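Asker: The sequence shown: position 13 = 13 (UniProt numbering), numbered continuously.
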Amino acid sequence: MKSKLILYLWCMCTFSACTSSGKGGKEETLYSGEIRIAVDESFKPIMEEELQVYHALTPEALITPIYCSEVEAVNLLLKDSVRLAVTNRRLTEEELISFHTRKFFPESILMALSGVALITHHSNPDSLITIEEFRRIATGETTEWKGLNPDSKLGCIQVVFDNPNSGTVHYVIDSICQGKPLSPSLKALKSNEEVIDYVATTPDALGVIGANWIGNKTDTTRLSFNQRVRVMSVSGNRKATPENSYRPYQAYLALKKYPLTHEVYILINDPKGALPTGLMTFLTRERGQRIILKSGLVPATQPVRIVNVKDDF
1 MKSKLILYLW CMCTFSACTS SGKGGKEETL YSGEIRIAVD ESFKPIMEEE
51 LQVYHALTPE ALITPIYCSE VEAVNLLLKD SVRLAVTNRR LTEEELISFH
101 TRKFFPESIL MALSGVALIT HHSNPDSLIT IEEFRRIATG ETTEWKGLNP
151 DSKLGCIQVV FDNPNSGTVH YVIDSICQGK PLSPSLKALK SNEEVIDYVA
201 TTPDALGVIG ANWIGNKTDT TRLSFNQRVR VMSVSGNRKA TPENSYRPYQ
251 AYLALKKYPL THEVYILIND PKGALPTGLM TFLTRERGQR IILKSGLVPA
301 TQPVRIVNVK DDF
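1) Looking at C-alpha atoms only, which residue of I291, L260, G115 and Y31 is the closest neighbour of W213?
2) Please list the segments of the beta strand (DSSP E) lying wholly inside the stretch 125-206, counting only runs of 3 or more residues, in order along the chain.
3) Relative to the C-alpha of E107, which residue among Y54, L77, I129 and I131 is closest?
4) I need the DSSP call for L297, collapsed to helix, strand or coil.
5) Following the continuous alpha helix (DSSP H) through V82, name the residue where it begins and the one where it ends.
6) Find out if the Cβ-Cβ distance for the pair E49, I291 is shorter than 9 Å.
7) With contact counted as at least three CB pairs below 8 Å, one residue from each stretch, are the stretch 58-75 and the stretch 226-241 in contact?
8) Roughly how many whole angstroms lie between the Cα atoms of S166 and I35?
9) Distance check for G155 and E41, CA to CA, integer angstroms please.
10) Determine the extent of the alpha helix (DSSP H) in which L275 is found, giving its start and end residues.
11) Out of P276, T284, T301 and G288, point me to the one whose CA is closest to A61's CA.
12) I'd like the list of long-range same chain contacts for L283, defined as Cβ closer than 7 Å, with 5 residues on each side in sequence excluded.
13) Can you tell me which of the three DSSP states P106 falls into?
14) Which residues does DSSP list as the beta-bridge partners of H262?
15) Classify K23 as buried or exposed, calling it buried when 16 or more other Cβ atoms lie within 10 Å of its own Cβ.
16) Excluding the 5 residues preceding and the 5 following Y31 in the sequence, name in chain order all residues of the same chain whose CB lies nearer than 7 Å to its CB.
17) Quick one: grab the DSSP three-state call for I35.
18) Using 8 Å for Cβ pairs, my map puts Y198 next to V160. What's the rounded Cβ distance?
19) What number of angstroms, rounded off, separates the C-alpha of K153 from the C-alpha of D126?
20) Can you look up Q302 in the DSSP assignment and give me helix, strand or coil?
21) Out of P203, T139, L91 and V264, which one is the CA nearest neighbour of L182?
22) Which residue's Cα is closest to the Cα of L113: Y249, E28 and F105?
23) Please name the residue in G179, N163, I176 and D174 whose C-alpha comes closest to that of E193.
24) What's the call for residue 379, buried or exposed, on a 16-neighbour Cβ count within 10 Å?
25) Report yes if the C-beta distance between I119 and L206 is below 9 Å; otherwise report no.
26) Hey, would you say I176 sits closer than 9 Å to F134, going by beta carbons?
27) Here's a check: name, in chain order, each residue in its chain whose Cβ is nearer than 8 Å to the Cβ of Y246, leaving out the five neighbours to either side.
28) In angstroms with no decimal places, state the Cα-to-Cα distance between A300 and R285.
29) If distances are taken between C-alpha atoms only, which option among V82, V71 and V195 comes closest to R228?
30) Under a Cβ-count criterion, where at least 16 other Cβ atoms within 10 Å of its own Cβ denotes burial, should F105 be classed as buried or exposed?
Below you can see the structure in the form of structure tokens.
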């Protein structure tokens, strides 16, 4: 009798180790339960597509995304308010130490390649820009369109971006401005949708936005952009020419010819290997990666067909 009791308790402990309690006390497994995840708002379009398919394939799972700034997404992960976040950077050494002191061992898993797009009003004739010119605009050294093109009839450059704590802004500060602060004249809006709306109605505007937001949803080839705005071609050379400048097409992101290309990461802290791990597996395996491929971004594990694109300047 005693041996049977021990066997029963061992089985119960083993079963409990394979599941965890989700929201409302519901059993959480790799494929069932209710959780929240944090997503940098820059990646809202692609994550909405991913979750729509995931929920159709996994009806016992309910995942509620929190679309927020990158800073907030990482903070939610650090506070254990979520166990999975999608951002455009890895966890820092300081953040990893914070987890390790609490006996947690999170991972940063490459999900895709994306980019930062620069958008202007359709009436703006300036379609080329170098990284150095963009850096000077971002730091406030260049404030007028004449600083890019002496013949420009436009006035002050009205730079707008989505959120002062977004991954897009952090990428610009760290990778383009090399740690220098952004100009105080730059204007922060509430979302990427607002950036597009503002640029579409403001001739002097320069929008800084996630490449995930500029795709033309009616074009299944993903070889054109949102028709409401104009997407600038960016050069890593000292002088921008049509030959050395690129727009954030999928092929140029994959080959890293587009100078503002960056990585997208899944940050996961799921010691019990439950529903967050199930979602991470979906996002990084064939079905989830295929959705990224069709979105115009570059999947981390799927091959990309390279297509030559001729831009009109």
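Don't be surprised by glycine CBs; every beta carbon is placed ideally from N, CA and C. All values derive from a computational prediction rather than experimental measurement.
Answerer: Answer, in terms of the structure:
1) G115
2) 128-130 and 158-161
3) L77
4) coil
5) From DSSP, V82 is part of no alpha helix (DSSP H); its letter is neither H nor E.
6) yes
7) no
8) 23 Å
9) 31 Å
10) L275 to T284
11) P276
12) E50, M111 and I266
13) coil
14) S114
15) Residue confidence is low: K23 scores 48 on pLDDT, short of 50, so the model does not pin down where it sits. No coordinate-derived value is stated.
16) T58, E60, A61 and G278
17) strand
18) 5 Å
19) 11 Å
20) coil
21) T139
22) Y249
23) N163
24) The structure shown does not extend to residue 379, since the chain spans only 1 to 313, so no value can be given for it.
25) yes
26) yes
27) S233, V234, S235, Y252, K257, Y258 and P259
28) 10 Å
29) V195
30) exposed
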